[in-house]
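Numbering (the numbering used here), first residue to last: 833 to 1150.
Heads up: the structure comes next, in structure tokens.
Below, the structure written as structure tokens:
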């Protein structure tokens, strides 16, 4: 039970009596809505409820003492857009632990920040980057409601490349995929890319290893975009590397059957494709023939310089 004021007997028994006498508190002897039997303020709740509300407010605002800091995992960790590069060995006279950090947005000179402020999220980046982000948010506020689909595409792409806490960071910003500084303003992005052709289109990159910029981006449907992923299975054909699903679609083969054959026999995807391709040519009265197939594949306008990240790899038998 919470502690009760010692001179509780001298308090008025009703709020009206407390207001008339000018007393700051009154005591009814009954529990409040939260079950506390305690004096109540004439201008508000009971003193226990008010204390809990104040403590909760301080906790949310980060004004209470930070939890115990695990100093062993601080070096190299990121908090917001700060990255810790070194931690001081001794605390200052106030008990604060200081660290040297750099802003990963601009790679500016290192700054000295209290570790507890980083853990609470009181500071997210250097002042110049914070000012730029704030200005960009105010510029794009009206366009967000006018072009919601394009805005969310723009915001998600920037978030993947610049926020280490994003779930897709390892496949984008973590491996060097950048977001153009010119596109920090949504209006520039909208002028360069235009409106989405349809609801099924998304922002795709022509070169999967290059960043988001005007020269490397286009609106794409899900199927063509999926063929440009880092883990796409590619097959050698006439000196080029082509997505397995794309070549199978044009030749009338089953890409799922080729993948299962490679796994079952413990061979590479290339060998499994060639095996199925030779069986297709061996069928009686196969009309297109090898030359017809070559002519059909040449019409795909494939780029032989397309960067290949996922080559065909041998599989172990299941």
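All C-beta atoms in this analysis are idealised placements derived from N, C-alpha and C, irrespective of residue type, glycine included.
Please list the terminal residues of the continuous beta strand (DSSP E) segment that includes residue 950.
Residue 950 -> not in any beta strand (DSSP E); alpha helix (DSSP H) instead, spanning 947-952.
Indicate whether residue 1051 and residue 1021 have their beta-carbon atoms separated by less than 8 angstroms.
No.
Excluding the 5 residues preceding and the 5 following residue 840 in the sequence, name in chain order all residues of the same chain whose CB lies nearer than 8 angstroms to its CB.
859, 871.
Tell me, please, which residues DSSP counts as bridged to residue 787.
With the chain running from 833 to 1150 in the structure shown, residue 787 is simply not present.
Please state whether DSSP places residue 845 in a helix, a strand or coil.
If DSSP states are grouped into helix, strand and coil, residue 845 belongs with coil.
Return the chain-ordered list of same chain residues with a C-beta closer than 8 angstroms to the C-beta of residue 873, the five sequence neighbours on each side being excluded.
If we look at residue 873 and ignore the five residues flanking it on each side, its Cβ neighbours are 856, 857, 879, 882.
Please state if the CB of residue 1045 and the CB of residue 1206 are separated by a distance shorter than 8 angstroms.
The structure shown has nothing for residue 1206, since the chain only spans 833 to 1150.
Taking contact to mean 3 or more Cβ pairs, one atom from each stretch, closer than 8 angstroms, check whether the stretch 923-932 and the stretch 941-951 are in contact.
Contact holds: three or more Cβ-Cβ distances are below 8 angstroms.
Express the C-alpha separation of residue 890 and residue 848 in angstroms, rounding to a whole number.
Distance between the alpha carbons of residue 848 and residue 890: 31 angstroms.
Tell me the DSSP bridge mates of residue 915?
Bridge partners of residue 915: 910, 934.
Mind checking residue 844: buried by the 16 CB within 10 Å criterion, or exposed?
Counting Cβ neighbours within 10 Å, residue 844 comes out buried, since at least 16 surround it.
For residue 984, report the span of its alpha helix (DSSP H) as first-last.
980-994 is the span of the alpha helix (DSSP H), which, as asked, contains residue 984.
Are there three or more Cβ pairs, one per stretch, closer than 8 angstroms when the stretch 987-998 is compared with the stretch 958-966?
Not touching, per the Cβ criterion.
Applying the criterion that 16 or more other CB atoms from any shown protein chain within 10 Å of the CB defines a buried residue, is residue 868 buried or exposed?
Answer is buried; the Cβ neighbour count reaches 16.
Return the residue from the list 1001, 979, 914, 850 that minimises the CA-CA distance to residue 1029.
The shortest Cα separation from residue 1029 among 1001, 979, 914, 850 belongs to 979.
Residue 1152 by DSSP, collapsed to three states: which one?
Not covered by the structure: residue 1152. The range shown for the chain is 833 to 1150.
Going by other Cβ atoms of all chains shown within 10 Å of its Cβ, with 16 needed for buried, is residue 923 buried or exposed?
It counts as exposed.
Around the Cβ of residue 911, are there at least 16 other Cβ atoms within 10 angstroms (buried) or fewer (exposed)?
By the 10 Å Cβ count, residue 911 comes out buried.
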